[in-house]
Structure formats: structure tokens, C-alpha cells
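**Q**
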Amino acid sequence: SSTNQNNSSSKPTDWKEWLNDLVRYKDTTLIASALAENLETIYEEFNFLNGDIVVASHPKSGTTWIQNIVSLLMNDANPEKVQGQPLYLRVPWLEGKEDPECDCGYKLLETRSSPRLMKTHVYGSLVPPAMLQKAKIVYIVRNPKDVAVSYFHMHRAYQFLPYVPWDEFITELFLPGKLLYGPWHKHAIYWWEMSKSHSNILFLHYEALVKELKANVESIAAFLGKKLTADAIEKIVDESSFTSMKANSDVNYSQVSVMGHEISPFIRKGKVGDWINHFTTAQNQLFEQKFEAWMAQSDLQIDFV
Ligand code: A3P
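Taking this note's numbering, I'd label the letters of the sequence shown as residues 254 to 558.
Next comes the structure, spelled out in C-alpha cells:
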């Protein structure tokens, strides 16, 4: 892991300028051009293997949480086996990288043998067919009000994302889907629909994990074909609690300086309903209106509290 501060790249100061540099990839999602190029290469050339395990999500939905659970499950629930190995290297980000000093995830993965673990934020309609055929995919969805709040704080902290005042963040960026990998609803709904026709996609809810972590760890274990003892499951539940993960420097990104841990820690609050502390009444009304329209044709159920 890197503790070097990359002083040459400063935080974008003008968010409108930053927005102008994003591309709408294949008429779907809004991403940085480097991510689009990598997704293109992965789609065309990356060699997915039977046994690959993918954690998929819209950003800020509990991706890191699932990465940690999957990594522990695949390492016999033995934290000692992975101690000192940053989670972002155990489960690399397929189309990107967290640490500027590291190779992009798909390049790291090319050198690994099965079973390979990876994460992606790829849009459902852009999933490489070979991934869909060969991998087991765990998708996690989170209520979009808390996603927006978590994303706002990440924009505050992360060196490569601009700070955007909350009022503008919610009305000018999140709701119109003008953030990396947005719009949220299309991301979630497309994956939800795919999960209905693909038994190799496990669709999970952040809110359910908060309520029943153990039951969810058990269903991930069953999905991945891992038979573990009750003690082993207990161990994973323990290691994946908010408190454990917040304190664990292998998983909390505190060693990746560009993440801006001191401004807002990556493992921040871990609550359902923190949106209540951020939304004004008017913003909430606007959000509810939009949400209703987004979900009018979908049976995806989302809990906000
Ligand atoms: P908050 O900012 O609301 O606290 P992602 O990994 O997709 O970027 O999601 C990050 C969010 O997941 C953060 O939300 C983070 O705190 C939360 N999270 C990570 N590990 C968690 C855990 N063990 N329990 C609950 N929430 C967790």
C-alpha cells in the first residue's frame, strides 16, 4: 500500500469543469474517460475464468463490506491469512484502481489464478458477456438517499473528486445522474432485472445486511459453495462488523492517502437513514417525486429506514 502523498495532482476545484470532462459511455453511464477505456479493453479482451467472483455495485452501496466478506469466506474465515494485505489488492477494482501507485485491477488480475476475486461498478447493460457466463456475481444495492450522502462525503474527501456543496450535489448532480456511474436507478434496476434470469447473480440489500449480517454472510457462503462451521461464520460476522472494519487498516483505506481519510473516513457511519441528517424537507420531497417516477415500472423494493 502507498503512504506517499501525490502532490502533483491537486483536488479539482471547479466541479462544473470536472463534470465536463466525464463521458457518457455508450449512451449509458457517466464516467471518466480512463475508466471508459479500461471497460472497453475488459469487454473486448479480458479473459474471464470459471470460478471468478465479482462484487458489483453502484458506488457507495456497501461494496467494500461485501469485498471483505467474500475475501474472508474464500480464505477459510481466517483473518490471519489476509492480515497485512490491503483489501483493494485482495479484491481489485476491475476497471480502476484505488491507489495511484498500483496497476489497474484487470492488469493485476491477469497474473492471478482461480478463484480470482474482483469488484466492479460496471453498468448492467455494459457487463462483458464472458463475465456473465463464467463468474459468480454478488451485487449490492443501497437506498439512494444514503448512497447520495455517502457519495457527497466521498467527494469531500477523495483527492480526484471535487467538493460540491450538498445543495448542489443532490439537485444538480445526484438526481440528474451526473456522478460517476450514475444514474443510480438505471444501475440498480438493470442489475435487478438481470439477477432474475441469472442464477449466478446474488442480489443483496445494504439495509438487510445492517439488520441481519449473519444471515447474509450465510447466504453469500452458500452462493459461493463454501461450507463453513458455525464458528467460522461467527468469525466472519465479527470481522465484518462496522466497528471491526472501521478499525482495520487493511480494509478502511486509511493507508491510501488520496482517499482523504482525515477529511472523511471511508468507513464513515455505516447507518441506514443518515440521509435524514442531510436532506431538507424540500430536497426530500423532490427526491421522493423523482424516486417514484424512476421506480414506477420496477418491482425492486428499497428501504430508506
Ligand atoms: P457511509 O458513508 O454511509 O458510512 P462503498 O464501499 O460501496 O464505497 O460503500 C461505502 C459505504 O459502506 C460507507 O457508508 C461505509 O461506511 C459503509 N460500510 C462499509 N463497511 C461497512 C460495515 N461493515 N457496516 C456497515 N456499513 C459499512
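Every residue, glycine too, gets a C-beta built ideally from N, C-alpha and C. No experiment lies behind these values; they were computed from the predicted model shown.
List the whole-angstrom C-beta distance separating Trp318 from Leu462, where the pair is believed to meet the contact cut-off of C-beta under 8 angstroms.
**A** For this step, residue 318 is matched to residue 65 along the sequence shown. For this step, residue 462 is matched to residue 209 along the sequence shown. Indeed, because the Cβ distance is near 7 angstroms, the residues count as touching under 8 angstroms.
**Q** With DSSP as the reference, label Ala549 as helix, strand or coil.
**A** Counting from one through the sequence shown, the residue named residue 549 turns up at place 296. Reduced to three states, the DSSP call for Ala549 is coil.
**Q** Please report how far the alpha carbon of Leu433 lies from the alpha carbon of Ala330, in whole angstroms.
**A** Taking the first residue of the sequence shown as position 1, residue 433 is located at position 180. Taking the first residue of the sequence shown as position 1, residue 330 is located at position 77. So the alpha carbons of these two residues sit roughly 33 angstroms apart.
**Q** Does the Cβ of Thr256 have 16 or more other Cβ atoms within 10 Å, making it buried, or fewer, making it exposed?
**A** Within the sequence shown, numbered from 1, the residue matching residue 256 stands at position 3. In this prediction, Thr256 scores a pLDDT of 35, lower than 50, which makes its location untrustworthy; the coordinate-derived value is nonetheless stated afterwards. By the 10 Å Cβ count, Thr256 comes out exposed.
**Q** Between the Cα of Ile473 and those of Ile489, Val375, Ser403, Glu541, spot the shortest distance and give me the residue it belongs to.
**A** Against the sequence shown, residue 473 aligns to sequence position 220. Check the Cα spacing between Ile473 and each of Ile489, Val375, Ser403, Glu541: the tightest is with Ile489.
**Q** Using the beta-carbon of each residue, find all residues closer than 5 angstroms to any heavy atom of ligand 1 and list them in chain order.
**A** Lys313, Ser314, Gly315, Thr316, Thr317, Trp318, Ser403, Phe495, Met498, Ile520, Arg521, Lys522, Gly523
**Q** What's the call for Ala309, buried or exposed, on a 16-neighbour Cβ count within 10 Å?
**A** For the purposes of this step, residue 309 is taken as the residue at position 56 of the sequence shown. With 16 or more Cβ atoms within 10 Å of its Cβ, Ala309 is classed as buried.
**Q** Flag this pair as yes or no: are the beta carbons of Trp437 and Pro397 separated by less than 8 angstroms?
**A** For the purposes of this step, residue 437 is taken as the residue at position 184 of the sequence shown. For the purposes of this step, residue 397 is taken as the residue at position 144 of the sequence shown. Taking 8 angstroms as the Cβ cut-off, Trp437 and Pro397 qualify as a contacting pair.
**Q** Taking a contact to mean a Cβ-Cβ separation below 8 angstroms, would you say Val400 touches Lys313 in this structure?
**A** To locate residue 400, count along the sequence shown from 1; it is residue 147. To locate residue 313, count along the sequence shown from 1; it is residue 60. Contact flag set, yes.
**Q** Can you say whether Asn300 is buried or exposed, counting buried as having 16 or more other CB atoms within 10 angstroms of its CB?
**A** Position 47 of the sequence shown, counting from 1, holds the residue named residue 300. It is exposed - the Cβ of Asn300 has fewer than 16 other Cβ atoms within 10 Å.
**Q** Quick check: is the beta carbon of Ile390 nearer than 8 angstroms to any beta carbon in chain C?
**A** You won't find chain C in this structure, because it holds only one protein chain.
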